[in-house]
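Residue numbers (the UniProt record's numbering), protein chains in the order written: chain A, 1 to 386; chain B, 1 to 415. The beta-carbon is built from N, C-alpha and C at its ideal position, and this holds for glycine as well.
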Amino acid sequence: IKFGGFFFKNCHNDYKMKFSLDEEFPDLSLHNNHMAKVLTKEIYGKLRAKSTPSGFTVDDVIQTGVDNPGHPFIMTVGCVAGDEESYEAFKDLLDPIISDRHGGYKPTDKHKTDLNFENLKGGDDLDPNYVLSSRVRTGRSIKGFTLPPHNSRGERRAIQDLSIEALASLDGEFKGKYYPLDGMTDAEQEQLIADHFLFDKPVSPLLTCAGMARDWPDARGIWHNENKTFLVWVNEEDHLRVISMQKGGNMKEVFRRFCVGLQKIEEIFKKHNHGFMWNEHLGYILTCPSNLGTGLRGGVHVKLPKLSTHAKFEEILTRLRLQKRGTGGVDTASVGGVFDISNADRLGSSEVDQVQLVVDGVKLMVEMEKKLEKGESIDGMIPAQK
Amino acid sequence: MASSFSRVLSSKRNLGILSVVGGSVTAGFLLHREHLSAGPSVRRLYPASAEYPDLRKHNNCMASNLTPTIYSKLCAKVTPNGYTLDMAIQTGVDNPGHPFIKTVGMVAGDEESYEVFADLLDPIIKERHNGYDPTTMKHPTDLDASKIHSGQFDAKYVLSSRVRTGRSIRGLSLPPACTRAERREVERVVVDALAGLKDDLNGKYYSLTQMTDEEQQQLIDDHFLFDKPVSPLLTCAGMARDWPDARGIWHNNEKTFLIWINEEDHTRVISMEKGGNMKRVFERFCKGLKEVERLIQEKGWEFMWNERLGYILTCPSNLGTGLRAGVHVKLPRLSKDPRFNKILDNLRLQKRGTGGVDTAAVGGTFDISNLDRLGQSEVQLVQTVVDGVNYLIECEKKLEKGQDIKVPPPLKQFK
C-alpha cells in the first residue's frame with residue numbers, strides 16, 4: 001500500500017493478526033458511547049486486518065472509546081479518524097456511527113457546503129442587551145497529512161510551517177501574527193490568556209487516549225488578527241480550528257468574516273497543493289466524526305434567565321435544532337442565566353443553514369424572554385420542529 | 001491448554017536472546033516469534049532530522065542520551081512485534097521532567113526492545129544504575145534467603161517490612177505495547193500458576209473487572225487495591241490502555257504475599273508484614289517467586305531474564321533485581337540530624353514518605369529502602385538494607401542517649 005511514495009508496513013498489526021478475534025475483541029459491557037453501540041464482533045472481525053495507507057488500524061480508531069466507557073447520560077462518539085482514508089477503510093464501523101450521531105445520515109447522502117455569507121438572512125439585529133457575544137468556529141484538515149491522533153512530529157511541524165506561511169500572507173482585516181506555544185514570551189502568554197485565546201494541553205482523556213496530546217507543545221500555536229476577531233488554532237484537536245467572534249449580537253458580520261477568512265486561507269493552501277480535506281458525502285473531514293460536514297458551531301452568549309427556567313425550554317431548543325452549554329464551553333453549567341446557544345447539527349445541512357437556525361432561533365428566544373419579563377405567556381410562540 | 005498462543009509460540013527460540021534462568025537451561029519450552037524477524041525497517045515519510053524531538057526543555061535520562069545521531073540510527077528500526085523507537089521514547093518526550101527529579105523517560109515495549117534499541121538504552125541504563133555497563137558487566141541473581149543474617153529489626157523502631165519486585169512473562173509484549181489478547185494471556189498464565197500455590201501461600205485472585213463491591217472495599221481497606229494509573233509518565237507510555245481489562249490482584253489468605261497483574265509490569269510481586277522480621281519477609285518472597293516460576297515452567301512459560309540485564313521489566317529503572325526492599329521506621333531524632341542524607345547515601349539507601357514515592361514523611365517515620373537495582377543480587381541488596389537499617393536504628397538509639405553518631409564510610413558500588 002502506497003502513501004506519499006513509501007510503503008508503510010504495519011508490523012504491529014500484522015503481529016496482532018496472529019491472535020484470534022475473540023482474544024482481541026474489547027470488553028464493552030460497561031460502555032455507553034456510539035462506538036460501543038455499533039461495534040460487533042462481526043464488524044471488528046471484518047476490519048481488524050485492515051490498515052490505511054499510513055498505517056492506522058481499527059484498534060487505533062476505537063482506543064479512545066475503549067478507554068472511556070462514557071457517562072450514562074452523555075453519549076460520546078468513542079472513536080476518531082487517523083487520516084482521511086479512515087472514513088473509507090473503516091466505513092463498516094463509521095457509517096453507522098455517523099448515522100446515529102447525525103440524525104440518520106445515510107452512506108448515500110450528500111452534504112451541502114455553502115460558505116456564501118450573503119445567503120444568510122438577517123443576523124445583524126440581535127438585541128445586544130441580551131446577546132453578549134457572537135462566535136462561529138469550525139475545523140479544517142490539510143490534505144496529504146495524517147490527523148492529530150496519528151501524525152508524527154515531522155508531519156505536525158510541516159502542517160505548522162504551511163499554516164504559518166498561509167496565515168502570514170493575509171492582509172487587511174486579516175493581518176495578524178502567529179504565536180507558537182513553545183516560543184511565546186511570558187508577556188505574550190499573559191495577553192493571550194487575558195484575551196481567552198490560549199489553548200492548553202488537552203487534559204480530557206477522550207483526547208489524550210486518542211493520542212492527540214503527543215509531543216506537546218511541539219508545533220502547536222495560535223494565530224490571530226490584529227483586531228482579535230479572527231483566530232486560528234494550529235494542531236490542537238484538528239489541524240486547524242478557525243474562529244470568528246466579537247462582542248454583541250452582529251452574527252451577520254461574524255459569519256461574513258468567517259466565510260471570507262476561510263476562503264482566503266483555503267486558496268493559499270490550495271496553491272501549495274495542500275487544499276482542505278473534503279468530499280461530497282462527508283463534507284469537511286475532521287478528527288472526530290461528530291465534526292464532519294460543516295464542523296461548524298455557531299453560537300451566542302445570551303441572557304435568558306426567565307426562558308431558561310421555563311418548563312418548555314428544552315423542547316424549544318430541540319425544535320429549533322439548537323443546543324445549550326454553560327458559558328465556559330461544553331460540559332460547563334450556565335452562570336447567572338447566561339447561556340451559550342449554538343446549532344446542534346453539523347452534517348447534512350450547510351453552513352448558511354446552520355447559522356440561519358442560530359440567528360432565527362436566538363431572535364425568537366430573546367422575544368420570548370421579553371414576553372416573560374412582562375409576565376405574558378409564550379405558549380403561542382412555541383415553534384414547530386425545524 | 002490450547003490457545004492461539006501455543007500455536008504462535010511453539011518452536012525453539014533463535015533470536016540470540018538466551019534464557020538461562022537461575023543457571024539451568026529450560027529445555028524444550030523455549031519460545032520464539034516465528035512470523036517476523038527483527039529485520040524489516042519501517043519506511044519513513046520524513047527524514048530523521050525532521051522527526052527528531054525537541055528536547056531543549058527536557059531533563060530525563062532519555063533526553064540526556066538521545067543524540068540526533070542515535071535517533072537517526074534507530075528511528076527506522078522495529079522489534080518483531082512492531083514496537084518502534086518513537087513509541088519507546090514517547091513518555092519522555094511528553095514529560096519533560098522536573099528540575100530536581102530525573103525520570104528515565106523511556107520504556108520497553110517487549111524484551112527485544114532492550115536489544116533493538118540498545119544504542120540508546122545501554123547509556124541510559126549506565127546513567128540510571130550508577131555506572132553499570134550492560135555491554136561488559138553481568139548481573140548476579142540470588143534468591144537464597146538463608147544467606148541473610150541479622151534480618152530481624154528492633155520492633156520498637158521498625159513498624160513494617162516489605163520486599164517487592166516485578167516479573168515479565170517471556171514471549172508476551174510488555175504493558176506499553178501489549179495487545180488485549182496478550183494482556184489477557186498474561187492474566188491467564190499467572191492466575192493459573194498462582195492457583196497452584198499451597199499452605200501459607202494459598203490465596204485468591206480478584207479480577208478488577210469482576211470483583212464485588214465488598215471485595216473491592218476489603219482490598220481498599222487492606223491497602224491492596226491499585227487504581228488506573230493517573231501519572232502521565234505511565235499513561236503517555238500507553239500502559240493504561242483498555243483499563244481495567246485483564247487487570248487484577250492476587251493475595252494469599254494471610255495477606256502477606258500479594259501480586260498485581262498487568263499494572264505497570266506483567267506482574268508486581270510483594271511480600272510484607274507488620275514488624276521487623278525482614279528475613280521472614282524475604283524468605284516468603286523468594287519461596288513464592290520460585291514456586292510461581294516452577295508452576296509457569298510446567299506449562300511451558302518462563303520469566304524474561306538474561307545475564308546482562310537480569311530480570312526484564314517495562315522501565316529500565318527496574319532492571320536487574322527490580323527489587324525494592326524497605327521498612328517503615330521511626331527515626332525522629334536521626335532524621336533531624338544534618339548528616340541524615342549523607343548517612344543514607346553512604347549506606348546506599350533512599351528515603352521516602354510512608355505514602356510511597358513522592359510523599360513526605362509524617363511524624364519522623366520514614367520508608368527506607370535500597371537505592372540500587374542492577375549489578376547486585378537480591379541477597380546483596382536485602383543485606384544492604386538490613387545492615388543499613390540496623391545502623392540507622394543504632395544511630396537513633398545513640399541520639400536518644402545524647403551520644404554522638406558517625407557517618408559510615410561509603411559502600412562499594414558493585415560487588
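TODO: Name, please, each residue of chain B whose Cβ falls closer than 9 angstroms to the Cβ of A/PHE199.
DONE: For the purposes of this step, residue 199 of chain A is taken as residue 199 along the first sequence, with counting starting at 1. Under a criterion of Cβ atoms nearer than 9 angstroms, no residue of chain B is adjacent to A/PHE199; the nearest Cβ is some 17 angstroms distant.
Task: Cβ-based burial, B/VAL362 [other Cβ within 10 Å; buried from 16] - done: As a position in the second sequence, residue 362 of chain B is number 362, starting the count at 1. Exposed: under 16 other Cβ atoms inside 10 Å.
Task: Length-filtered (3 minimum) beta strand (DSSP E) runs lying within the UniProt domain "Phosphagen kinase N-terminal" (44–130) of chain B - done: Here no run is fully enclosed.
Open item on the list: For a test of the three-state rule: what should DSSP assign to A/GLU280, helix, strand or coil?
Closed with: Counting from one through the first sequence, the residue named residue 280 of chain A turns up at place 280. In this structure, A/GLU280 counts as coil in the three-state DSSP scheme.
TODO: Taking only beta-carbon positions, decide if B/THR209 is within less than 8 angstroms of chain A.
DONE: Numbered from 1 along the second sequence, position 209 holds the residue referred to as residue 209 of chain B. By this cut-off, B/THR209 is an interface position.
Task: Beta-ladder partner(s) of B/ARG164, from DSSP - done: Position 164 of the second sequence holds residue 164 of chain B. Bridge partners of B/ARG164: B/ILE270 and B/ARG324.
Open item on the list: Bridge partners for A/GLN323 per DSSP, in chain order?
Closed with: Sequence index remark: in the first sequence, residue 323 of chain A carries index 323 (1-based). A/SER342.
Task: Neighbour list for B/THR354 in chain A, Cβ cutoff strictly below 7 angstroms - done: Along the second sequence, one-based indexing puts residue 354 of chain B at 354. Those within 7 angstroms of B/THR354 in chain A number zero; the least Cβ separation is about 29 angstroms.
Open item on the list: Assuming B/TYR205 is part of the beta strand (DSSP E), what are its boundary residues?
Closed with: One-based indexing of the second sequence puts residue 205 of chain B at position 205. It spans 203–207 - the beta strand (DSSP E) in which B/TYR205 sits, taken as one unbroken run.
Task: Distance CB(A/GLY45)-CB(A/ILE62) smaller than 8 angstroms - done: Taking the first sequence and counting its residues from 1, the one referred to as residue 45 of chain A is at position 45. Taking the first sequence and counting its residues from 1, the one referred to as residue 62 of chain A is at position 62. Not in contact: A/GLY45 and A/ILE62 (Cβ atoms no closer than 8 angstroms).
Open item on the list: Applying the 10 Å Cβ sphere with the 16-neighbour rule, what's the burial state of B/PHE366?
Closed with: Numbered from its first residue, the second sequence carries residue 366 of chain B at position 366. Under this definition B/PHE366 is a buried residue.
Task: Proximal chain A residues relative to B/GLU51, where beta-carbon distance stays under 8 angstroms - done: Locating residue 51 of chain B in the second sequence gives position 51, where the first residue counts as 1. When 8 angstroms is used as the limit between beta carbons, B/GLU51 is near these residues of chain A: SER152, ARG153 and GLY154, in chain order.
Open item on the list: What does the alpha-carbon distance come out to for the pair A/GLU118 and A/ARG256?
Closed with: One-based indexing of the first sequence puts residue 118 of chain A at position 118. One-based indexing of the first sequence puts residue 256 of chain A at position 256. Near 8 angstroms, if we compare the C-alpha coordinates of A/ARG256 and A/GLU118.
Task: Positions along the segment 9–23 of chain A whose CB lies within less than 8 angstroms of some CB in chain B - done: If the cut-off is 8 angstroms between Cβ atoms, the segment 9–23 of chain A has LYS9, ASN10, CYS11, HIS12, ASN13, ASP14, TYR15, LYS16, LYS18, PHE19, SER20 and GLU23 near chain B.
- [ ] Would you please verify whether the beta carbon of B/HIS35 is less than 8 angstroms from any beta carbon of chain A?
- [x] Along the second sequence, read from residue 1 onward, the residue named residue 35 of chain B stands at position 35. The predicted position of B/HIS35 is uncertain, since its pLDDT is 29 and thus under 50; a value taken from the coordinates is nonetheless stated next. Yes, B/HIS35 counts as interfacial toward chain A.
Open item on the list: With DSSP as the reference, identify every bridge partner of A/SER134, one or two as the case may be.
Closed with: Counted from its first residue, the first sequence places residue 134 of chain A at position 134. Per DSSP, A/GLN246 and A/VAL300.
Task: Local Cβ density within 10 Å of A/SER359, reported as buried at 16 or more and exposed below that - done: The residue you call residue 359 of chain A lines up with position 359 of the first sequence. Inspection of the sequence shows that residue 359 of chain A is occupied by Val rather than by Ser. By the neighbour-count definition (other C-beta atoms within 10 Å, threshold 16), A/VAL359 is a buried residue.
Open item on the list: Is A/GLN63 close to chain B? Criterion is C-beta to C-beta, closer than 8 angstroms.
Closed with: Residue mapping note: residue 63 of chain A aligns to position 63 of the first sequence, counting from 1. A/GLN63 belongs to the set of residues whose beta carbon lies under 8 angstroms from a beta carbon in chain B.
Task: Closest residue to A/PRO107 among A/ASN33, A/VAL335, A/HIS281 and A/PHE313 (Cα-Cα distance) - done: Walking along the first sequence from the start, residue 107 of chain A turns up at place 107. Cα-wise, what sits closest to A/PRO107 is A/HIS281.
Open item on the list: Please list, in chain order, the chain A residues whose beta carbon lies closer than 9 angstroms to that of B/TYR46.
Closed with: The sequence position of residue 46 of chain B within the second sequence is 46, counting from 1. Chain A residues near B/TYR46: SER152, ARG153, GLY154, GLU155, ARG157 and ALA158.
TODO: Please classify B/ASP144: does DSSP put it in a helix, a strand, or coil?
DONE: Within the second sequence, the letter at position 144 stands for residue 144 of chain B. Look at B/ASP144 here: in three-state DSSP terms it is coil, with no helix or strand label.
Open item on the list: Buried or exposed for A/MET381, going by 16 or more other Cβ atoms inside 10 Å?
Closed with: Residue mapping note: residue 381 of chain A aligns to position 381 of the first sequence, counting from 1. With fewer than 16 Cβ atoms within 10 Å of its Cβ, A/MET381 is classed as exposed.
Task: The alpha helix (DSSP H) enclosing B/SER173, as first and last residue numbers - done: Here residue 173 of chain B is taken as the residue at index 173 of the second sequence, counted from 1. Per DSSP, B/SER173 belongs to no alpha helix (DSSP H) and is neither H nor E.
Task: Beta-carbon separation (whole angstroms), B/VAL329 vs B/TYR157, contact threshold 8 angstroms - done: Within the second sequence, residue 329 of chain B is the residue found at index 329, counting from 1. Within the second sequence, residue 157 of chain B is the residue found at index 157, counting from 1. Contact annotation, B/VAL329 with B/TYR157: C-beta distance approximately 5 angstroms; criterion of less than 8 angstroms satisfied.
- [ ] Have a look at B/GLU291 and B/PRO140 and give me their C-alpha separation to the nearest angstrom.
- [x] Numbered from its first residue, the second sequence carries residue 291 of chain B at position 291. Numbered from its first residue, the second sequence carries residue 140 of chain B at position 140. Cα-Cα distance, rounded: 20 angstroms.
Open item on the list: Do A/HIS31 and A/PRO69 have their beta-carbon atoms positioned less than 8 angstroms apart in this structure?
Closed with: Residue mapping note: residue 69 of chain A aligns to position 69 of the first sequence, counting from 1. Residue mapping note: residue 31 of chain A aligns to position 31 of the first sequence, counting from 1. Cβ atoms of A/PRO69 and A/HIS31: closer than 8 angstroms.
Open item on the list: Count Cβ pairs between the segment 303–318 of chain B and the segment 188–201 of chain B that sit closer than 8 angstroms; are there 3 or more?
Closed with: Taking a cut-off of 8 angstroms on C-beta distances, the segment 303–318 of chain B does not touch the segment 188–201 of chain B, as fewer than three cross pairs fall below it.
Task: CB of B/GLY166 within 8 angstroms of CB of B/THR267, strictly - done: Position 166 of the second sequence, counted from the first residue, corresponds to residue 166 of chain B. Position 267 of the second sequence, counted from the first residue, corresponds to residue 267 of chain B. In this structure, B/GLY166 lies near B/THR267, with their beta-carbon atoms less than 8 angstroms apart.
Task: Straight-line gap, A/ASP186 to A/ILE193 (C-alpha atoms, nearest Å) - done: Position 186 of the first sequence, counting from 1, holds the residue named residue 186 of chain A. Position 193 of the first sequence, counting from 1, holds the residue named residue 193 of chain A. Rounded to whole angstroms, A/ASP186 to A/ILE193 spans 11 angstroms at the Cα level.
Open item on the list: So with CB distances below 9 angstroms, who are the chain A contacts of B/THR235?
Closed with: One-based indexing of the second sequence puts residue 235 of chain B at position 235. The contacting residues are PRO205, THR208 and CYS209.
TODO: Note down, in chain order, every chain A residue with its Cβ under 7 angstroms from the Cβ of B/THR179.
DONE: If you number the second sequence from 1, residue 179 of chain B lands on position 179. Residues of chain A passing the Cβ test: LYS16, PHE19 and GLU24.
Task: C-alpha distance - A/GLU85 paired with A/LEU162, whole-angstrom precision - done: Here residue 85 of chain A refers to the residue found at position 85 of the first sequence. Here residue 162 of chain A refers to the residue found at position 162 of the first sequence. Roughly 21 angstroms between the two C-alpha positions.
TODO: Report the neighbours of A/VAL77 on chain B: residues whose CB is nearer than 7 angstroms to its CB, in chain order.
DONE: As a working note, residue 77 of chain A is residue 77 in the first sequence. Under the 7 angstroms cutoff, chain B gives no residues; its nearest Cβ is about 18 angstroms from A/VAL77.
Task: B/ASP387 (DSSP reduced to helix, strand or coil) - done: Against the second sequence, residue 387 of chain B aligns to sequence position 387. B/ASP387: helix per DSSP, three-state reduction.
Open item on the list: According to DSSP, is B/GLN350 part of a helix, a strand, or is it coil?
Closed with: Residue 350 of chain B sits at position 350 when you count from the first residue of the second sequence. B/GLN350: strand per DSSP, three-state reduction.
Task: B/ILE249, enclosing alpha helix (DSSP H) - first and last residue - done: As a working note, residue 249 of chain B is residue 249 in the second sequence. Annotation: B/ILE249 is outside any alpha helix (DSSP H); the continuous beta strand (DSSP E) that includes it extends over 248–252.
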